[in-house]
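Q: Chains as they are written, first to last, in the working numbering: chain F, 1 to 182; chain X, 1001 to 1182.
Protein chains: 2
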Amino acid sequence: MNVSDLCLGTLYLSDCTGYEIKKLFEAAFSHFHTAGFGSIYPALNKLAKAGLVEVRTEAGEGKPDRKRYSITEEGKAVFLLSLTQTEPGEQLKSDFQVILFFSHLMPTERLRQVVEQMETAYQHKLGYLRSIVEMECHSEGVRLGINIGIASISARLETLKKHKHKLLANHKEPPQCDLSSL
Amino acid sequence: MNVSDLCLGTLYLSDCTGYEIKKLFEAAFSHFHTAGFGSIYPALNKLAKAGLVEVRTEAGEGKPDRKRYSITEEGKAVFLLSLTQTEPGEQLKSDFQVILFFSHLMPTERLRQVVEQMETAYQHKLGYLRSIVEMECHSEGVRLGINIGIASISARLETLKKHKHKLLANHKEPPQCDLSSL
DNA sequence: GGACTCATGTAAGCTGTTACATGATTTC
DNA sequence: GAAATCATGTAACAGCTTACATGAGTCC
């Protein structure tokens, strides 16, 4: 499942412009997938070339022109096929956990900062997820996805809160390293 | 934090061969980072060229020759700098959640399969994490990282178990799509 | 006047995956 | 005899990020 597939899937639900797809990605997928304009626009052009989507240009009054994309029947078939054939999997990339892994090499003060930042980040994410789960327009699958996200982040936050004191209290200041040559 | 940084960090802890680094990655980082030989070997060569690690070749008796890498003082300084400057962040890429998001477009039977696969995958991951947290060699930071992983996966699994019946019971078989032309 | 939103796109580059190539030894 | 483990590496490709380019309108 790459950006191209996600664009096709989004267009299955409703016609969109590239800009709207980006906004939708942020609102709907941001807790399990990300994508920038630099990958969305080329993906849409590629899909159009392959005949999986169709484009029509709308003249913007006072605003820039927009290209509105619709999925074709072939596009629908391709998306359904890749959806059913995709193996479910999850992969986390956590710089926070890397930092924890090597935390004994870090100054205590920086470690404290990092922990605090992460707590705040978790709280923000939770707030966001709780705000969207309350909306009543979700399908059962979407709702489950959000609930899994909430439970997961909530558990991470609680574990961090519970153990951070031990981490910081037992932390030994590492010997300073010579950075003058860099 | 890329593969190159992680190699450097691993070599900070002890001298290793590329092959050993891969094994260590699997054992220690696999729940928050992955890397294959195709990125580790080039990374080590790059680090050697930059003077951040040193190599010596060991003749293998009955086994292939090995290249053992050690970090240099400059390498240590570079790693400590990038460790303290890295902003803590986490990013999930979940094809499972994508499937859930579009689950109303999938055949019920496939959805049931996907949910079961994911349950098993979570259980395996939990088993693995619980087996390593019991070892007593971990630093406080490493232990916290593992505990966060356990809490997180555990929460995901429980949420899935709790809501999957509702998901499957309310699921409507979507109209079949014409796949003959593909 | 500056920042932000709307709107689309390109190009360079970084990073990583996958497949291939080699080859000996050990285990089933 | 087949498969797995040990051991290193390259080359092609896929995929995404970042920065740049353009330009009008709106809000403070």
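Backbone N, C-alpha and C fix where the C-beta goes; we use that ideal spot for every residue, glycine too. This one's a predicted model, so the numbers in the text were calculated from it and none came from an experiment.
(1) Return the Cβ separation of alanine 1043 of chain X and valine 1078 of chain X in integer angstroms, given the expectation that the two are a contact with Cβ distance under 8 angstroms.
(2) Can you list, in chain order, the residues of the region 1088-1105 of chain X whose Cβ is nearer than 7 angstroms to any Cβ on chain F?
(3) So what does threonine 17 of chain F bridge to, in DSSP terms?
(4) Does leucine 167 of chain F come within less than 8 angstroms of chain X when only Cβ atoms are used?
(5) Taking C-beta pairs closer than 7 angstroms, name the residues in chain F that leucine 1160 of chain X reaches, listed in chain order.
(6) Got a sec? Which residues, its chain only, sit under 8 angstroms from glycine 9 of chain F by beta carbon, not counting five neighbours each side?
(7) Do we get a CB-CB distance below 8 angstroms when we pair serine 14 of chain F with the residues of chain X?
(8) Please check if any C-beta of chain X sits within less than 8 angstroms of the C-beta of methionine 135 of chain F.
(9) Measure the alpha-carbon distance for isoleucine 1153 of chain X versus glutamate 1073 of chain X and round it to whole angstroms.
(10) With which residues is valine 53 of chain F paired in a DSSP beta bridge?
(11) Which residues in chain X sit within 7 angstroms of alanine 50 of chain F, going by Cβ to Cβ distance?
(12) If I'm right that glutamate 1155 of chain X touches alanine 151 of chain F with Cβ under 8 angstroms, what's the distance once you round it to whole angstroms?
(13) Am I right that leucine 1126 of chain X and leucine 1157 of chain X are in contact with their C-beta atoms under 8 angstroms? What's the rounded C-beta distance?
(14) Determine the burial state of cysteine 1137 of chain X: buried for a count of at least 16 other Cβ atoms within 10 Å of its Cβ, exposed for fewer.
(15) Nearest chain F C-beta to phenylalanine 1025 of chain X closer than 8 angstroms, yes or no?
(16) Does DSSP put serine 1030 of chain X in a helix, a strand or coil?
(17) Assign glutamine 1176 of chain X to one of three DSSP states: helix, strand, or coil.
(18) So, at 8 angstroms on beta carbons, what are the nonlocal neighbours of histidine 171 of chain F in its own chain, with the 5 sequence-adjacent residues on each side left out?
(19) Below 8 angstroms on C-beta distance, what does alanine 151 of chain F contact in chain X?
(20) Check distances from the C-beta atoms of the region 32-59 of chain F to those of chain X and list, in chain order, the residues that come in under 8 angstroms.
(21) Closest to glutamine 123 of chain F by C-alpha separation, out of F/Leu52, F/Gln85 and F/Leu160, would be which residue?
(22) Quick one: grab the DSSP three-state call for serine 1139 of chain X.
(23) Under the three-state reduction of DSSP, which class applies to glutamate 1090 of chain X: helix, strand or coil?
(24) Would you please state the rounded distance, in angstroms, between the beta carbons of aspartate 15 of chain F and serine 70 of chain F? I believe it to be under 8 angstroms.
(25) Within 10 angstroms of the Cβ of histidine 165 of chain F, are there 16 or more other Cβ atoms? Answer buried if so, exposed if not.
(26) Which residues in chain X have a C-beta closer than 7 angstroms to the C-beta of threonine 86 of chain F? List them in chain order.
(27) Rounded to a whole number of angstroms, what is the C-alpha to C-alpha distance between glutamine 1113 of chain X and isoleucine 146 of chain F?
(28) Do the CB positions of glycine 89 of chain F and phenylalanine 1025 of chain X come within less than 8 angstroms of each other?
(29) Tell me whether the beta-carbon of valine 115 of chain F lies closer than 8 angstroms to the beta-carbon of leucine 1100 of chain X.
(30) Answer yes or no: does any C-beta atom of chain X fall closer than 8 angstroms to that of glycine 9 of chain F?
(31) Name the chain X residues that come within less than 9 angstroms of histidine 163 of chain F, Cβ to Cβ?
(32) In the DSSP output, which residue or residues are listed as bridge partners for glutamate 58 of chain F?
(33) Determine whether the beta carbon atoms of glutamine 85 of chain F and lysine 1093 of chain X lie at a separation below 8 angstroms.
(34) What's the gap between the Cα of phenylalanine 32 of chain F and the Cα of valine 1098 of chain X?
(35) Using a cut-off of 8 angstroms between C-beta atoms, extract the partners of valine 114 of chain F located in chain X.
(36) Should leucine 167 of chain F and glutamate 1140 of chain X be called a contact, given that it needs their Cβ atoms to be closer than 8 angstroms?
A: Quick look at the numbers:
(1) Looking up residue 1043 of chain X in the second sequence gives position 43. Looking up residue 1078 of chain X in the second sequence gives position 78. Their Cβ separation, rounded to whole angstroms, is 13 angstroms, which puts alanine 1043 of chain X and valine 1078 of chain X out of contact at 8 angstroms.
(2) Those residues of the region 1088-1105 of chain X that come within reach of chain F (Cβ to Cβ, closer than 7 angstroms) are Pro1088, Gly1089, Glu1090, Gln1091, Leu1092, Lys1093, Ser1094, Asp1095, Phe1096, Gln1097, Val1098, Ile1099, Leu1100, Phe1101, Phe1102, Ser1103, His1104 and Leu1105.
(3) Within the first sequence, numbered from 1, the residue matching residue 17 of chain F stands at position 17. According to DSSP, threonine 17 of chain F bridges with F/Arg68.
(4) In the first sequence, the residue the question calls residue 167 of chain F occupies position 167. With respect to chain X, the C-beta atom of leucine 167 of chain F has a partner C-beta closer than 8 angstroms.
(5) Your numbering for residue 1160 of chain X matches position 160 in the second sequence. In chain order, Ile148 make up the part of chain F whose C-beta sits under 7 angstroms from the C-beta of leucine 1160 of chain X.
(6) Position 9 of the first sequence, counting from 1, holds the residue named residue 9 of chain F. Non-local beta-carbon contacts of glycine 9 of chain F in its own chain, meaning distances under 8 angstroms to residues more than five positions away in sequence, involve Phe79 and Leu83 in chain order.
(7) Your numbering for residue 14 of chain F matches position 14 in the first sequence. It does not; no Cβ of chain X falls within 8 angstroms.
(8) Walking along the first sequence from the start, residue 135 of chain F turns up at place 135. It does not: the Cβ of methionine 135 of chain F has no partner Cβ on chain X nearer than 8 angstroms.
(9) As a position in the second sequence, residue 1153 of chain X is number 153, starting the count at 1. As a position in the second sequence, residue 1073 of chain X is number 73, starting the count at 1. Put simply, the backbone Cα of isoleucine 1153 of chain X is about 38 angstroms away from that of glutamate 1073 of chain X.
(10) Mapped onto the first sequence, residue 53 of chain F falls at position 53. Note: valine 53 of chain F sits in a beta bridge opposite F/Ile71.
(11) Position 50 of the first sequence, counting from 1, holds the residue named residue 50 of chain F. Result: empty, since nearest Cβ-Cβ is about 12 angstroms, beyond 7 angstroms.
(12) Here residue 1155 of chain X refers to the residue found at position 155 when the second sequence is read from its first residue. Here residue 151 of chain F refers to the residue found at position 151 when the first sequence is read from its first residue. What sits at residue 1155 of chain X in the sequence shown is alanine, not glutamate. Between alanine 151 of chain F and alanine 1155 of chain X the Cβ distance is about 4 angstroms, and since that is below 8 angstroms, they are a contact.
(13) Position 126 of the second sequence, counted from the start, is the residue given in the question as residue 1126 of chain X. Position 157 of the second sequence, counted from the start, is the residue given in the question as residue 1157 of chain X. Right, the Cβ-Cβ distance comes to about 7 angstroms (below 8 angstroms), so this counts as a contact.
(14) Here residue 1137 of chain X refers to the residue found at position 137 of the second sequence. So cysteine 1137 of chain X ends up on the exposed side.
(15) Walking along the second sequence from the start, residue 1025 of chain X turns up at place 25. Not an interface residue.
(16) Looking up residue 1030 of chain X in the second sequence gives position 30. Of the three classes helix, strand and coil, the one that applies to serine 1030 of chain X here is coil, per DSSP.
(17) Translated into positions along the second sequence, residue 1176 of chain X becomes position 176. Residue state, collapsed to three classes: coil.
(18) One-based indexing of the first sequence puts residue 171 of chain F at position 171. Excluding sequence neighbours, histidine 171 of chain F sits near Ser103, His104, Thr108 and Leu111.
(19) As a working mapping, residue 151 of chain F is identified with position 151 in the first sequence. Those within 8 angstroms of alanine 151 of chain F in chain X are Ala1155, Arg1156, Glu1158 and Thr1159.
(20) Contact residues of the region 32-59 of chain F toward chain X are Phe32, His33 and Thr34 (C-beta to C-beta distance below 8 angstroms).
(21) Residue numbering aside, residue 123 of chain F sits at position 123 when the first sequence is read from its first letter. Nearest of F/Leu52, F/Gln85 and F/Leu160 to glutamine 123 of chain F, Cα basis: F/Leu160.
(22) Residue mapping note: residue 1139 of chain X aligns to position 139 of the second sequence, counting from 1. Under the three-state reduction of DSSP, serine 1139 of chain X is assigned to coil, being neither helix nor strand.
(23) Within the second sequence, residue 1090 of chain X is the residue found at index 90, counting from 1. The answer is strand: DSSP assigns glutamate 1090 of chain X an E or B state.
(24) In the first sequence, residue 15 of chain F corresponds to position 15, counting from 1. In the first sequence, residue 70 of chain F corresponds to position 70, counting from 1. Contact between aspartate 15 of chain F and serine 70 of chain F holds: CB atoms are separated by about 5 angstroms, below the 8 angstroms threshold.
(25) Taking the first residue of the first sequence as 1, we reach residue 165 of chain F at position 165. So histidine 165 of chain F ends up on the exposed side.
(26) Translated into the one-based positions of the first sequence, residue 86 of chain F becomes position 86. Per Cβ cutoff of 7 angstroms: Asp1095 and Ile1099.
(27) Translated into the one-based positions of the second sequence, residue 1113 of chain X becomes position 113. Translated into the one-based positions of the first sequence, residue 146 of chain F becomes position 146. Cα to Cα, the separation comes out at about 20 angstroms.
(28) For the purposes of this step, residue 89 of chain F is taken as residue 89 along the first sequence, with counting starting at 1. For the purposes of this step, residue 1025 of chain X is taken as residue 25 along the second sequence, with counting starting at 1. Contact flag unset, no.
(29) Residue numbering aside, residue 115 of chain F sits at position 115 when the first sequence is read from its first letter. Residue numbering aside, residue 1100 of chain X sits at position 100 when the second sequence is read from its first letter. The answer is no: Cβ separation not under 8 angstroms.
(30) For the purposes of this step, residue 9 of chain F is identified with residue 9 of the first sequence, where counting begins at 1. When Cβ-Cβ separations below 8 angstroms define contact, glycine 9 of chain F makes contact with chain X.
(31) The residue labelled residue 163 of chain F in the question sits at position 163 within the first sequence. Histidine 163 of chain F reaches chain X at Glu1140, Arg1143, Leu1144, Asn1147 and Ile1148, counting residues in chain order whose Cβ is nearer than 9 angstroms.
(32) The residue given as residue 58 of chain F occupies position 58 in the first sequence. Beta-bridge pairing links glutamate 58 of chain F to F/Arg66.
(33) Here residue 85 of chain F refers to the residue found at position 85 when the first sequence is read from its first residue. Here residue 1093 of chain X refers to the residue found at position 93 when the second sequence is read from its first residue. No.
(34) Residue mapping note: residue 32 of chain F aligns to position 32 of the first sequence, counting from 1. Residue mapping note: residue 1098 of chain X aligns to position 98 of the second sequence, counting from 1. When only Cα atoms are considered, phenylalanine 32 of chain F and valine 1098 of chain X end up about 8 angstroms apart.
(35) Here residue 114 of chain F corresponds to residue number 114 of the first sequence, with the count starting at 1. By Cβ distance, chain X contributes Pro1088.
(36) Taking the first sequence and counting its residues from 1, one reaches residue 167 of chain F at position 167. Taking the second sequence and counting its residues from 1, one reaches residue 1140 of chain X at position 140. The beta carbons of leucine 167 of chain F and glutamate 1140 of chain X sit closer together than 8 angstroms.
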